[in-house]
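Numbering (my numbering), first residue to last: 2 to 1050.
C-beta atoms are modelled at their ideal positions from N, C-alpha and C, and glycine is treated no differently.
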Amino acid sequence: MSDRNPRSLNPLHFPSTYTTFPSIPTWTSSCTPSSPFDKGVMLYMNHLSKEELQIFKKLLLDEHLLPHVDHVRWRQLKTASWAEVVHLLTEYLHGRLAWDVTFSILNKMNKKTICSLVQKELKSLLHTLEPEIINLRETSISLEKEESDKLLKYKQHVIEENLPIWNKTVWPANQADYLYRDVKKYMELLPCLFLPQSPQGRQPKTVVIHGIPGIGKTTLARKVMVTWARSEFYTHKFKYALYFHCQELNWAGKRSFSELIEHQRLESRALVSKILSKPDQLLLLFDGFEELTSSLTERPEGLSDDWSQKMPGSVLLSSLLSKRMLPEATLLIMIRPTSWPSLKPLMKHPCHVTLTGFSRTEIIKYFRAYFRHTAIANRVVDFVVENSILVALCRVPAVCWVACRCLNEQMKKMINLIKAFPNVTSVLVLYLATLFPTIFTNLSNQNHQEQLEGLCHVAAQGMWNMKWVFEKKDFQRVMVEEMSIDTFLQVNILRKIKGQEDRYVFALFIFQEFFASLFYVLYFPKRLRQYHLLGRMEIQGLVAGPSIGKTCLTQMALFLFGLLNAACAHIVEKSFSCKLSLGNKSKIVRVMTQLNKHEAPSVCCGVPQLFYCLAEIGEEAFARSALLGYRTASLNILAHEDLQASAFCLKRCRDLQKMELSLSEDFSKELWPVSAGSPSATETKEKEMHLAWWQDVCSVFRTNYGLEVLTVTDCVMENLFMKVFTDALKQPCCKLQKLYLKHVGRMLHEDFLCVLTENQHLRQLKIESTELGQEAMRSLCSALKSAQCPLKYLSLGSCTAQSRDWIDFASDLQRNTNLKTLMLRNNCLEKFGMYYLSVGHLRKLVLENCNLTEACCEGIAFSLRHSKMLTHLSLAENALKDAGAKHIWSALEYLMCPLKRLVLRHCSLTSACCQDMISALKNNKSLISLDLSLNSLRNDGIILLCESMVETDCNLLILELEQCMFTSISCQALSSMLCRYKKLRYLDLSNNDIELQGILTLSRPFLSQWAVNKVILEKKVTDEVDPYTRLMGPDVEEGFLRIVQNWNS
């Protein structure tokens, strides 16, 4: 290799402007990153074709662009994916060197567009990239022939042990018809697991794979091991890969990490020592945390960095996860959501990836492949797509297989699927029913319901206590016999943990969820306590909350409600030869009506879990009873099941008063995909079904007369959905009074804004964080100047529009005599803000943070003098300064309007403005409330203000001086003012450095001049105050003085 140093390459020079380039495809996420792409760097490398990528790799080696590297050969690079090439570049080329080299090669390949993307990315990352240092990465380990042979033997063992990559012992029944063998998603994901991340361009050393049970985490881990063993996975980085299932670490006594590795068939201490001496080339995979019986330790003193030291399994695992031991090693961790809290404290800068399982398209494709006969497949798919909750459960491959197998059995009997399956729960019931003949054969008729109860009892206790691994004594405690355990093992309801005699898990997690719910409906008529009653807290835990924050109880709740459906219960009794009680139904209704009195979670949290449950039970009378008193619905519709559940429940929600609605852009794209060809029959039927659901959602505006408030956030609607939504709001029977819109730019067109003139009940409109294009502003102005527009309150916050549009908007408002309150916040109005003071019929006006400056103030003052109706004005968060405020104070002396409250928070005022303020207060007798918070009035200004309040005999009742940068020096003047000025009812002194001495000085008038019971000392509340509340000012009570301070400081 040449010694040529890439730093000799000419550094990239960035043009001042960029051409618009195609956007890089990314995977989106809601709360946590869902894929390595979320923060990945050099994603544009994915734009290279296979042939171009090969040319890139050839040039990388042929041009000798990797310094200090003598072991990376073409055979290693030949099969490397684009993501592995990015990893290689950042592994050996620190700082900007990786981008310089990439640019140089792409430039030689004449890839101008991608070169521009390289420039753009480097410019954005340059200040955060790791420094350019000589790479000190050591060369690969030199192995003796015997050691190389052992390593090859180990790799062969890995391949044999992990093929097929799915676990045969987990799947129920025969796998012959299981079709999930081409794991395409994993093949695409694998190379990107260690994609370097922004902003440092650093490769992740710990990657955490999140996923619900059965979603494919272990399958992914097996695939990693197989591709590594075949030398097809990060060959330039990982020379050794080791997979550990946590059940292997449940040993009694102590063992060292080196001994554990020897146990993995390496069978050579010398080889193990060599491997552990180069931990940067070591990949460690950890799986099965739900089967870990001992607790992890977070205490640093309890951890060890010595891989030869013998220690308990939990300590060893904690030491590895925390990077106390082998900090240079790379970790790949497979984990369920329920196990993450115990691991999180140990993690050091993890990268997160979420496995989502089958997509809706893949599920439908799976069903079509399973039912090969086209006519039968069409019937099955039509049934499935109408049950969106079933589709959601089928994201888990094993559940998809279970559903197919169960539907196939019913199709063979020529049974109508709609009659056979009253809900999703019945699908699982009828699958399990195929296992019960064996159970009946092995267990006596008199005994099998008690044994079933014991199994359900264990499952339920496990769900409430987040326990997934059970010992034989857990079953014995609830009288489950050994023969019963063997039977449940035989039919694959239970699975014995490999290598551990008396420890069991449910073969599929969905089985534990189902049997846990079955526990609460089993009926024993001869007992005093005939069924297991749910407690209030248990019901609340099952159904009170949003679906997006799913817990391990989510599907248990779904199955419980499914079993409470009378038709489903009948199927269970017939299939399982047991009796059920629906007694918990009435308890659930009582608890839900109590919970309905509380406020619902905010719109970002998804669709309420209760909606899913009520849709699953599918009984209208029960749904109406459970939703009695349900006043606030927060719906973030992210998927088909959200839409269907919302449609079912909103039609039966008669007490609704407030609704929050969001329809995500990703879901909208799924609903209305861009397709060149004509839609298939299934797609057409789906569109009709979606429209019917949406009509049911929108029917709430026509049928629920108590619904007065609607908040729409991040909504993207196709034209047909938009028409249904708009038509519902226009109906005379729609009693909506307040409409709040946020991030809804594409909704603001003429058809939608006609609602402002056609709905005569609407009184308030608020639009926030929305780009108001020319068409939207024109349509809004047209609606507002109409005599038919009943709006009394209008708020526009953080809305972008052209200057000309703001001028026209102010002009058109002159013609709306109904509008009394106008709030403009965080809008770039600048000098045009003065025009809004000329809207003569306004009584309350907010122009906060609108780029008003001292240059605007003369015009503002002029308009203020001629206003006749204005009672409340806020100019907060504008840099008016003393020179600008002088015009405002001057105008206050000669006002024609009855201005009561003036808010000048954060207006860059100093003590120099106080003399002009005093004159205004002396001559203006209508002003009773003044907010001067967050201005640098300091001691001089406060003392002058206090003295003038007494001498001028002004009418101020409310004075807010939060964070005005005065000290205890001002407290004497404040104390004197409080003694002599008895009109004051509210004084805010919070966040000023008055110290204990100042507080004592202030307290004197309370003890002498004021009756102690007439003074209220109030602690400052730090919660954000609604702008309208701030405009109106604090409430006061006649005869009482409230003083607000940080009394604990």
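Taking buried to mean at least 16 other C-beta atoms within 10 Å of its own C-beta, is residue i buried or exposed?
i	result
residue 101	buried
residue 92	buried
residue 395	buried
residue 585	buried
residue 423	buried
residue 112	buried
residue 211	buried
residue 465	exposed
residue 803	exposed
residue 895	exposed
residue 128	exposed
residue 157	exposed
residue 143	exposed
residue 197	buried
residue 449	buried
residue 324	buried
residue 734	exposed
residue 1061	Look at the range of the chain in this structure, 2 to 1050, and you will see that residue 1061 is not part of it.
residue 1034	buried
residue 149	exposed
residue 1036	exposed
Which whole-angstrom value is the C-beta distance of residue i and residue j, which I expect to be below 8 angstroms?
i	j	result
residue 382	residue 391	Contact doesn't hold; Cβ gap of about 12 angstroms is too wide.
residue 647	residue 698	5 angstroms
residue 993	residue 1021	Incorrect: roughly 11 angstroms between the Cβ atoms, too far for contact.
residue 509	residue 399	5 angstroms
residue 963	residue 930	At roughly 14 angstroms, the Cβ-Cβ gap does not stay under 8 angstroms, so residue 963 and residue 930 are not in contact.
residue 787	residue 758	5 angstroms
residue 708	residue 717	In fact, because the Cβ distance is near 23 angstroms, the residues do not count as touching under 8 angstroms.
Give the DSSP-derived three-state secondary structure of residue i in the structure shown.
i	result
residue 156	helix
residue 765	strand
residue 636	strand
residue 798	strand
residue 726	helix
residue 172	Here residue 172 scores only 47 on pLDDT, less than 50, and its place in the model should not be relied on; the value that follows carries that caveat. Three-state result, residue 172: coil.
residue 609	strand
residue 581	strand
residue 995	coil
residue 235	coil
residue 642	helix
residue 198	strand
residue 738	coil
residue 930	strand
residue 268	coil
residue 715	coil
residue 1031	helix
residue 1056	Because the chain spans 2 through 1050 in this model, residue 1056 falls outside it and cannot be assessed.
residue 779	helix
residue 471	strand
Say whether the segment 322-338 touches the segment 195-208, bearing in mind that this needs 3 or more beta-carbon pairs closer than 8 angstroms, one atom from each stretch.
Taking 8 angstroms as the limit for Cβ pairs, the verdict is that the segment 195-208 does touch the segment 322-338.
With a cut-off of 8 angstroms, do at least 3 Cβ pairs link the segment 879-886 to the segment 1034-1049?
no
Assess contact between the segment 842-861 and the segment 817-828, defined as three or more Cβ pairs (one per stretch) separated by less than 8 angstroms. Is contact present?
The segment 842-861 vs the segment 817-828: in contact.
What alpha helix (DSSP H) runs, 4 residues minimum, are completely inside the segment 29-113?
Note on the segment 29-113: whole alpha helix (DSSP H) runs with a minimum of 4 residues are 51-63, 75-78, 83-93, 98-109, in chain order.
Could you give the uninterrupted runs of the beta strand (DSSP E) lying entirely in the segment 366-427, keeping only those of 3 residues or more?
none
Could you check whether the segment 910-924 touches the segment 942-956, counting it as contact only if at least three pairs of C-beta atoms, one from each stretch, sit closer than 8 angstroms?
yes
Which full runs of the alpha helix (DSSP H) of 4+ residues lie inside the segment 529-564, going along the chain?
537-544, 555-564
Give, in chain order, every unbroken run of the beta strand (DSSP E) that is at least 3 residues long and sits entirely within the segment 326-370.
331-336, 352-355
Segment contact flag, the segment 280-293 with the segment 227-240, C-beta cutoff 8 angstroms, min 3 pairs:
yes
At a cut of 8 angstroms, does the segment 449-464 reach the segment 479-491 through at least three beta carbon pairs?
At 8 angstroms Cβ cutoff, the stretches touch.
In chain order, what are the residue ranges of uninterrupted beta strand (DSSP E) at least 3 long that sit wholly in the segment 859-915?
The DSSP assignment places 873-875, 902-904 as complete runs of the beta strand (DSSP E) inside the segment 859-915, in order along the chain (cut-off: 3 residues).
The segment 559-573 in contact with the segment 509-525 per 3-pair CB rule at 8 angstroms
yes
Assess contact between the segment 219-228 and the segment 301-317, defined as three or more Cβ pairs (one per stretch) separated by less than 8 angstroms. Is contact present?
no
Could you name each continuous beta strand (DSSP E) segment of 3 residues or more that falls completely within the segment 434-501, going from the start of the chain to the end?
495-497
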